[in-house]
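Engineer: Sharing a structure here in structure tokens format.
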Ligand code: PEP
Ligand code: MG
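Here it is in structure tokens:
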């Protein structure tokens, strides 16, 4: 097996396509070497070594050491230096390099190969003994810390004491003699701490450093980073051993980092920092203030220190040429590390540069328009989820902040306001012109008015599909749900978290994109939807096959979604229309009615209101299809629950509180989500669905007359599990249509129960369309409550039982199978059957890709996800 891959001197054994084996850094060093760029020669120990190491009780393959020795000879040949040679010593760096970048998570050792003898060789070669000693003391510190486990503070303390004794302020005041003394003290400190000498044998040093880098793959930091960034432990890291070049050899030496374009704005100009007479760690450590790369940047910043363009003009020109070469070769913005050793440029790393969402759009558009990449490639360069950052006001990334609590990122966007604890108060204060943040243990339909009034919502309980999360996403209101650490005390009107108490009226900032809540007001920035954003959206629309619809019911949401490019409504949840205060009263009257007559009387009051709701939607959507779902949730959700609420409601609708209480008890179910809801209500109380159908048809006629455009009504029946249910209810809807003299309409059903998916062949006899309700379908397929599972799903994810929360991204294996079965069986019965998805997954890029693959006609998602779905659908089609 080849465990070692050489690079340098204009060629390499690896290349950029071998990232899995060589890690990102190793693969790109090889590629740069082959391009003829100045790369210090070296070799890469593959990620297979790492895998072998952990699979075999931290042992290496037998034939690895031979290969390492050959790798060293390769470096020696190209540099003309020898590892461990006191007269002409080769020094190397040893760095980690995984497949995905894990900045700062793993270990690095520089200046390896120095010992008491070679340091004198380096002194002679460089003609600068002070430099040689400075390198040696850095090596002892780094190696002792990283490899031997003696904390670097030990050495920093010794150095500080020495400087104090001498009356020095800066390291630069240290003379060679001073370093001699300090190095001796460093070595005794290591010996004192470990009972053994600092290793003098370079081969032993190298072995120790390689052990340390492979070992660092399993350090706590790296494990946490991998978990947060979805990087599998099985990938392993590679180790790069490379000839040292020195940026700290005087005023014609330097070290720096650069981006070929501005990573925060995407502007097509070089961006970077460098330090004269320094090693890489100095830039990162932030001890000295780095200088700018270009003259323009220096002038803009009003910097005194010269830019690299001015200080080292020849090397700068060479560096700029390298930027052009690398961008042309990789066809993407690059993030580069370099060192200048006595006027000679060396490239230490290149990789695709991380960038903000705004920069990603600009770079993709600029490169496509310049013909560097195709429009398709440009579309693939933008992460759909990152668009979220552009659609809402966001926190200024540089603004100071004070974190108070963390929960789930339930609905993106940022908002500032005063904390309130009841929906009534949220409404009252907001009417009085206050901006409020509604903080609740959890929300229920009774909180809708407060949620509407609030700038943002925070709940202590509930997951990504909890009531608060779904409703907030629909409204485009930022929401943090399930902030489990906060303790809300409604009586005292305050919440406490981690020893702090926040009272009603105090200002907090909520960032729904990250799930964070901050104390006080954090500075914000506004969204920008024209320009590059509009271009990318246009290209995406040309590339995608899937239609994009929205889940919306209020005129505001419908308009927002249409502005974001929605091509129809995929789900109008009619129950949300009853949450408004006045209708809630009629609705409660209907629920409380003793018999059919009573219900009909109440329904006749609701009818005109519903009709106007639908008319408002039809007016906005014009000739775009509108899928309107008939009533879905269990009735008891609309009833008051606390004694005080029951009292108020009883008074306002004029029934005795006792009667109301009895009815509420009557309606209570042990498993309401599996209970009397969805089409089961339609079966028991057909008059409810009949009223809704009538409202739809009458609204349609009215709007057609008014505007000359016939609205396209698609009536959807929820929670169907058998063909018979749909057959009966469709019959009733058709009868109303006949009675009203309805115009254009079709009837379809949601597929949100496993039985419905399996019996799709029969059900399709009575449906013109299916819409997959993957929230309920996930809930019922797994037997997991969508409202409570958030509490323990993280355990399932962390133990690798589930890769992701199935309520956030579709479980393609299980729930996906049911979708595929239903698609096949449904289309077999009716070829023209229209298929869509309207669960929360409709706005999740990976799930959208799945929907494309199984051949759905459209996805439907909350308004603010529409642009994300447009781009994800385009990427799926490319
Ligand atoms: C679903 O179940 O996926 C769905 C869209 O309906 P709701 O979320 O309203 O239950
Ligand atoms: Mg549902």
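Numbering (the UniProt record's numbering), first residue to last: 2 to 879.
C-beta: ideal position from N, C-alpha, C; glycine also.
#1: Does residue 304 come out as helix, strand or coil in the three-state DSSP assignment?
#2: Collect the residues with a C-beta less than 5 Å away from any heavy atom of the ligand MG and give them in sequence order along the chain.
#3: Leaving out the 5 sequence neighbours to the left and right, which residues in its chain are closer than 8 Å to residue 260 when beta-carbon positions are compared?
#4: Under a three-way DSSP split, which group does residue 810 fall into?
#5: With a 10 Å radius around its C-beta and 16 neighbouring C-beta atoms as the bar for buried, classify residue 397 as buried or exposed.
#6: Among the residues of its own chain, which have a CB less than 7 Å from the CB of residue 23, if the five just before and after it don't count?
#7: In whole angstroms, what is the alpha-carbon distance linking residue 642 and residue 665?
#8: Taking Cβ to Cβ, would you say residue 456 is nearer than 9 Å to residue 437?
#9: Which stretch, first to last residue, makes up the beta strand (DSSP E) that contains residue 410?
#10: Any heavy atom of the ligand PEP closer than 8 Å to the beta-carbon of residue 633?
#11: For residue 835, which of helix, strand or coil comes out of DSSP?
#12: Just tell me which of 460, 311, 607 and 829 has its CA closest to the CA of residue 690.
#13: Counting only runs of 4+ residues fully inside the region 32-89, write out the alpha helix (DSSP H) ranges in chain order.
#14: Quick one, are the C-beta atoms of residue 553 and residue 864 less than 9 Å apart?
#15: Using 8 Å as the Cβ pair cut-off and three pairs as the minimum, do the region 221-239 and the region 180-195 touch?
#16: Rounded to the nearest angstrom, what separates residue 870 and residue 543 at their Cα positions?
#17: Does residue 29 come out as helix, strand or coil in the three-state DSSP assignment?
#18: Whose CA, out of 738, 681, 743 and 693, lies closest to the CA of residue 723?
#19: Where residue 561 and residue 376 are concerned, what is the direct C-alpha to C-alpha distance, given to the nearest angstrom?
#20: Please say whether residue 345 and residue 316 have beta carbons closer to each other than 9 Å?
#21: Got a sec, what are the start and stop residues for the beta strand (DSSP E) residue 549 sits in?
#22: Which residue wins for smallest C-alpha separation from residue 486, given the options 502, 492, 474 and 476?
#23: CA-CA distance, residue 236 and residue 100?
#24: Examine the ligand PEP and report whether any of its heavy atoms sits within less than 8 Å of the Cβ of residue 471.
#25: Nearest to residue 521 by CA position, among 728, 402 and 538, is which residue?
#26: Once DSSP output is grouped into helix, strand and coil, what is the label at residue 457?
#27: Hey, how far is the Cα of residue 618 from the Cα of residue 712?
#28: Taking residue 451 and residue 425 to be in contact with their CB atoms under 8 Å, please state how far apart those CB atoms are, rounded to whole angstroms.
#29: If you follow the alpha helix (DSSP H) that residue 556 is part of, which residue opens it and which one closes it?
#30: Give the range of the alpha helix (DSSP H) segment to which residue 755 is assigned.
#31: Here's a check: name, in chain order, each residue in its chain whose Cβ is nearer than 8 Å to the Cβ of residue 702, leaving out the five neighbours to either side.
#32: In the structure shown, what three-state DSSP assignment does residue 347 receive?
#33: Counting only the same chain and skipping the five closest in sequence on each side, list residues whose C-beta sits under 8 Å from that of residue 112.
#34: For residue 859, write down the residues that DSSP places opposite it in a beta bridge.
#35: What span of residues does the beta strand (DSSP E) with residue 504 cover, start to end?
#36: Can you have a look at residue 793 and say buried or exposed, based on whether 16 or more other CB atoms are within 10 angstroms of its CB?
Structural biologist: In this structure, then:
#1: Residue mapping note: residue 304 aligns to position 303 of the chain shown, counting from 1. Looking at residue 304 - three-state DSSP - the assignment turns out to be coil, as it is neither helix nor strand.
#2: Here the residues close to the ligand MG, judged by CB distance below 5 Å to any of its heavy atoms, are 753, 774 and 777 in chain order.
#3: Residue mapping note: residue 260 aligns to position 259 of the chain shown, counting from 1. Counting only Cβ-Cβ distances below 8 Å, and skipping sequence neighbours, we find 271, 272, 273, 334, 335, 336, 337 and 354.
#4: Reading the chain shown from its first residue, position 809 is the one you call residue 810. DSSP places residue 810 in coil when its eight states are reduced to three.
#5: Taking the first residue of the chain shown as position 1, residue 397 is located at position 396. With fewer than 16 other Cβ atoms within 10 Å, it is exposed.
#6: The count along the chain shown starts at 1 and reaches residue 23 at position 22. So the qualifying residues of the chain are 6, 15, 31, 45, 47 and 239.
#7: For the purposes of this step, residue 642 is taken as residue 641 along the chain shown, with counting starting at 1. For the purposes of this step, residue 665 is taken as residue 664 along the chain shown, with counting starting at 1. Answer to the nearest angstrom: the Cα atoms are 8 Å apart.
#8: Taking the chain shown and counting its residues from 1, one reaches residue 456 at position 455. Taking the chain shown and counting its residues from 1, one reaches residue 437 at position 436. For residue 456 and residue 437, yes; Cβs fall inside 9 Å.
#9: Position 409 of the chain shown, counted from the first residue, corresponds to residue 410. For residue 410, the uninterrupted beta strand (DSSP E) run begins and ends at 409-412, by DSSP.
#10: For this step, residue 633 is matched to residue 632 along the chain shown. Distances from the CB of residue 633 to the heavy atoms of the ligand PEP include at least one below 8 Å.
#11: For the purposes of this step, residue 835 is taken as the residue at position 834 of the chain shown. Residue 835 carries a strand assignment under DSSP once its states are collapsed to helix, strand and coil.
#12: To locate residue 690, count along the chain shown from 1; it is residue 689. Nearest of 460, 311, 607 and 829 to residue 690, Cα basis: 607.
#13: Segments of the alpha helix (DSSP H) lying fully in the region 32-89: 48-56 and 65-80.
#14: Position 552 of the chain shown, counted from the start, is the residue given in the question as residue 553. Position 863 of the chain shown, counted from the start, is the residue given in the question as residue 864. Result yes, Cβ atoms of residue 553 and residue 864 sit closer than 9 Å.
#15: With the rule of 3 Cβ pairs closer than 8 Å, the region 221-239 does not count as touching the region 180-195.
#16: As a position in the chain shown, residue 870 is number 869, starting the count at 1. As a position in the chain shown, residue 543 is number 542, starting the count at 1. Taking the CA atoms as reference points, residue 870 sits about 14 Å from residue 543.
#17: Against the chain shown, residue 29 aligns to sequence position 28. Of the three classes helix, strand and coil, the one that applies to residue 29 here is helix, per DSSP.
#18: Stepping through the chain shown from its first residue, residue 723 is reached at position 722. Closest option to residue 723, judged by alpha-carbon separation, among 738, 681, 743 and 693: 681.
#19: Along the chain shown, read from residue 1 onward, the residue named residue 561 stands at position 560. Along the chain shown, read from residue 1 onward, the residue named residue 376 stands at position 375. For the pair residue 561 and residue 376, the Cα-to-Cα distance works out to about 27 Å.
#20: Position 315 of the chain shown, counted from the start, is the residue given in the question as residue 316. Position 344 of the chain shown, counted from the start, is the residue given in the question as residue 345. Result yes, Cβ atoms of residue 316 and residue 345 sit closer than 9 Å.
#21: Translated into positions along the chain shown, residue 549 becomes position 548. Taken as a continuous stretch (DSSP letters only), the beta strand (DSSP E) holding residue 549 covers 548-552.
#22: As a first step, residue 486 must be located in the chain shown, where it is residue number 485. Distances from the alpha-carbon of residue 486 to those of 502, 492, 474 and 476 put 502 closest.
#23: Counted from its first residue, the chain shown places residue 236 at position 235. Counted from its first residue, the chain shown places residue 100 at position 99. Those two C-alpha atoms are separated by around 7 Å.
#24: Taking the first residue of the chain shown as 1, we reach residue 471 at position 470. Shortest gap from the CB of residue 471 to any heavy atom of the ligand PEP: under 8 Å.
#25: The residue you call residue 521 lines up with position 520 of the chain shown. Closest by C-alpha distance to residue 521, out of 728, 402 and 538, is 402.
#26: Indexing the chain shown from 1 puts residue 457 at position 456. Residue 457 falls in the strand class under three-state DSSP.
#27: Within the chain shown, numbered from 1, the residue matching residue 618 stands at position 617. Within the chain shown, numbered from 1, the residue matching residue 712 stands at position 711. When rounded, the distance between both Cα atoms is 9 Å.
#28: Here residue 451 is taken as the residue at index 450 of the chain shown, counted from 1. Here residue 425 is taken as the residue at index 424 of the chain shown, counted from 1. Under the criterion of beta carbons closer than 8 Å, residue 451 and residue 425 qualify as touching, at roughly 7 Å.
#29: As a first step, residue 556 is located in the chain shown; it is residue number 555 there, counting from the start. Per DSSP, the unbroken alpha helix (DSSP H) holding residue 556 starts and ends at 556-564.
#30: As a first step, residue 755 must be located in the chain shown, where it is residue number 754. Segment 755-759, the alpha helix (DSSP H) holding residue 755.
#31: By one-based count along the chain shown, residue 702 stands at place 701. Excluding positions up to five away in sequence, the list reads 741, 742, 743 and 744.
#32: Locating residue 347 in the chain shown gives position 346, where the first residue counts as 1. It is a strand residue.
#33: Numbered from 1 along the chain shown, position 111 holds the residue referred to as residue 112. Spatial neighbours of residue 112 in its own chain (CB-CB distance under 8 Å, excluding positions within 5 residues in sequence) are listed in chain order as 92, 94, 136, 137, 139, 140, 143 and 245.
#34: One-based indexing of the chain shown puts residue 859 at position 858. DSSP links residue 859 through a beta bridge to 548 and 837.
#35: Position 503 of the chain shown, counting from 1, holds the residue named residue 504. 501-504 is the extent of the beta strand (DSSP E) around residue 504.
#36: Looking up residue 793 in the chain shown gives position 792. Per the 10 Å Cβ criterion, exposed.
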